[in-house]
Amino acid sequence: PVAPAAPVAAPSADNVPKVTLTDHLRGSASAQITLVEYSDLECPYCKRFHPPMQQILKDYSGKVNWVYRHFPLPFHTSATPAALAAECVNEQAGNTGFWQYIDGIFADTNPLTPETITSVAGKLAIDQTQFKTCLENKKYQKVVDDDLAGGQKAGINGTPGTVLINNKTGKIQLITGALPIEEIKKAIDAALLETK
């Protein structure tokens with residue numbers, strides 16, 4: 111007789127890699143709630159999800175922060191180059207430049223192509239030659255791969271995939287898909303009321 115296969119544990123958002131100083135964080139570092147978004151710069155749902163996330167940061171100023179992590183899907187051919195470009199911008203312009211680039215990519219109405227990637231980066235105050243060399247050499251491939259692996263470990267299987275972390279209680283919750291802003295606010299409001 112064949113031995114029954116050991117049950118495979120479903121991935122849990124509890125396995126989400128801890129937020130560190132190397133993460134791209136927007137908002138107050140001491141906020142009670144952290145939203146870790148795993149995103150793909152070519153994903154139409156991520157593009158739609160970006161403005162509500164920006165609004166949430168304004169509406170919950172000081173209470174919620176936002177961490178961006180790369181999760182380029184294999185069938186989006188420009189997603190990985192765009193993620194690498196974001197890290198190349200970060201190398202020169204830091205966290206502020208990184209977020210300006212992310213905002214620029216999502217605000218751009220053109221399809222994501224190599225031209226769009228360089229056009230958005232071209233509007234930032236960075237050395238374009240250094241940027242292009244960094245991008246061509248895929249200098250930050252490991253950073254992108256590590257984000258992707260961390261997201262998979264946390265149970266992310268599509269984009270946007272967001273992990274809500276209550277920094278006060280340690281409770282973690284997975285939010286899948288581009289939910290309407292009201293749904294995200296409900297989750298945040300409930301988390302802000304949690305005491306343990």
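For the sequence shown, the numbering used here assigns the number 111 to the initial residue and increments by one for each residue that follows.
No residue lacks a Cβ here, since even glycine has one placed at the ideal position from N, Cα and C.
What's the gap between the Cα of residue i and the Cα of residue j?
| i | j | result |
| --- | --- | --- |
| GLY137 | GLY172 | 7 Å |
| GLY232 | PRO182 | 22 Å |
| ASP213 | THR279 | 31 Å |
| ASN244 | ALA301 | A quick correction: the sequence has Cys, not Asn, at residue 244. In a straight line, the C-alpha of CYS244 is about 40 Å away from that of ALA301. |
| HIS180 | GLU225 | 20 Å |
| ILE275 | VAL177 | 11 Å |
| THR144 | GLU197 | 21 Å |
| ILE298 | LEU131 | 23 Å |
| THR190 | VAL254 | 8 Å |
| ILE266 | LYS242 | 30 Å |
| LYS248 | PRO221 | 22 Å |
| GLU292 | LEU234 | 33 Å |
| ALA192 | ASP218 | 13 Å |
| ASN307 | ARG158 | Any answer about residue 307 is impossible in this case: the structure gives the chain only from 111 up to 306. |
| GLY287 | PRO161 | 14 Å |
| GLY261 | LYS128 | 11 Å |
| MET163 | GLU246 | 31 Å |
| ALA195 | TYR170 | 29 Å |
| THR223 | ASP133 | 25 Å |
What did DSSP end up calling residue i once you bin it into helix, strand or coil?
| i | result |
| --- | --- |
| THR239 | helix |
| GLY265 | coil |
| TYR148 | strand |
| GLY271 | strand |
| HIS186 | coil |
| ASN200 | helix |
| CYS178 | The sequence shown places Tyr at residue 178, not Cys. The answer is strand: DSSP assigns TYR178 an E or B state. |
| LEU135 | strand |
| THR286 | strand |
| ASN125 | helix |
| ASN276 | strand |
Are residue i and residue j closer than 8 Å when you measure CB to CB?
| i | j | result |
| --- | --- | --- |
| ILE236 | GLN202 | yes |
| PRO290 | TYR155 | no |
| GLU147 | HIS186 | no |
| ILE227 | VAL126 | no |
| TYR250 | VAL230 | no |
By Cβ distance below 6 Å, which residues in the same chain neighbour residue i in space, the five residues on each side in sequence not counted?
| i | result |
| --- | --- |
| GLY257 | The sequence given here has Asp at residue 257, not Gly. These residues qualify, in order along the chain: ARG179, HIS180. |
| ALA141 | LYS173, VAL174, ASN175 |
| TRP209 | ARG136 |
| THR239 | none |
| ALA123 | ALA264, GLY265, VAL273, ILE282, LEU284 |
| ASN200 | PHE208 |
| PHE216 | LYS157, HIS160 |
Residues in its own chain within less than 7 Å of residue i by CB, not counting five upstream and five downstream?
| i | result |
| --- | --- |
| ILE285 | THR272, LEU274, ILE294, ALA297 |
| ASP150 | CYS156, PHE181, PRO182, LEU183, HIS186, ALA189, THR269 |
| LYS252 | none |
In its own chain, which residues sit with a C-beta less than 8 Å from the C-beta of residue i, not counting the 5 before and 5 after it?
| i | result |
| --- | --- |
| ALA139 | ASN175 |
| GLU304 | ASN276, LYS278, THR279, LYS281 |
| LYS168 | none |
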